[in-house]
Amino acid sequence: MEDLVARTQATENKMKELVETVQTHVTEIQELREQIRTLEEANEDLNNRTRRNNIWVRGLLEMAFTELLPDSLLAVFQHLLPEASAADLLMDRAHQA
-8 MEDLVARTQA
2 TENKMKELVE
12 TVQTHVTEIQ
22 ELREQIRTLE
32 EANEDLNNRT
42 RRNNIWVRGL
52 LEMAFTELLP
62 DSLLAVFQHL
72 LPEASAADLL
82 MDRAHQA
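Per our numbering, the sequence shown runs over residues -8 to 88.
Written out as structure tokens, the structure reads:
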């Protein structure tokens, strides 16, 4: 009977260690996923900034809603180039620096 108690205790101790190890791994995986997401965003930003034919516009107020940025830039370009159509002013991407 003592042998069974000892084996049960050893199994429970091992299970506790395994649960702690799994919890540690889950936490580390979450942290690594966040790091990957951050690196992917930084990489995309670098790729966008090194694209050819970029136009840098200075003097616009910083916008809280970046989804409004393309429309705002289009309005500025149409004001500066009234003869250009919206099709002539096609933008691939727009982002704030």
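Heads up, the beta-carbon is just placed ideally off N, CA and C, and yes, glycines get one too. All values derive from a computational prediction rather than experimental measurement.
- The alpha-carbon separation between Phe68 and Leu80 amounts to approximately 8 Å.
- 8 Å or more divides the Cβ of Ala77 from the Cβ of Leu64.
- Going by DSSP, Glu58 is part of no alpha helix (DSSP H) at all; its letter is neither H nor E.
- Note that the C-beta distance between Glu53 and Gln26 is not below 8 Å.
- Under the three-state reduction of DSSP output, Leu71 falls in the helix class.
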